[in-house]
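S.K.:
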Amino acid sequence: MPRNFIPRPSHYAPDTLPKPPAWQDEAACGGIDNSLFFSLAAIDIAQAKSHCGPCPVRSQCLTHALTVREDHGVWGGLDEFERAGLLKDVRRAAERQRRLEREREKAAEQRAADADAQSAEQEPVQGRPADATAAA
Ligand code: SF4
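747 is the number of the first residue of the sequence shown in the numbering used here; add one for each residue after it.
Shown next as structure tokens:
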């Protein structure tokens, strides 16, 4: 071993540091048969949702499912169709917002162009009286 070798403690020390709590640790569905949450039977889905109602980490669970696009199962009290509908609503709202912003920008550009055109009309041409065409 070289004289200046210092072993890095993280490689050798046991993993005794406390881990930050994960939202899954507080899940109301912990210990419940998972197949209930991934069943296609309406009665199972309803029963799974009944566990989600009072779950203290419901919002974290739903956020996770929406973030990673969980395609199947009940997460955060919503089944896959409800989550898909929610994502569709969010996409529509974002698209509507973008369209409104584009229309606002367009209107502002048009107003600026109109103002430029109006000021150009009112500006007399250099070296020529404003009513030169009338005199000619
Ligand atoms: S919200 Fe439902 S699926 Fe999510 S952790 Fe709670 S009980 Fe489980």
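Even glycine gets a Cβ: it sits at the ideal position worked out from N, Cα and C.
What first and last residue would you give for the alpha helix (DSSP H) that runs through Thr809?
M.R.: Thr809 -> alpha helix (DSSP H) spans Arg804 to Thr813.
S.K.: Is it true that the CB of Phe783 sits closer than 8 Å to the CB of Val836?
M.R.: No.
S.K.: Report the rounded CA-to-CA distance for Arg857 versus Ala863, giving the unit in angstroms.
M.R.: Roughly 10 Å separates the two Cα atoms.
S.K.: Let me check you understand the geometry: is the CB of Ala861 closer than 7 Å to at least one non-hydrogen atom of the ligand SF4?
M.R.: No - the ligand SF4 has no heavy atom lying nearer than 7 Å to the Cβ of Ala861.
S.K.: Rounded to whole angstroms, what's the CA-CA distance from Leu808 to Gly799? Just pull it up for me.
M.R.: The alpha-carbon atoms of Leu808 and Gly799 are separated by roughly 12 Å.
S.K.: By DSSP, does Leu786 sit in helix, in strand, or in coil?
M.R.: Here Leu786 sits in coil by DSSP.
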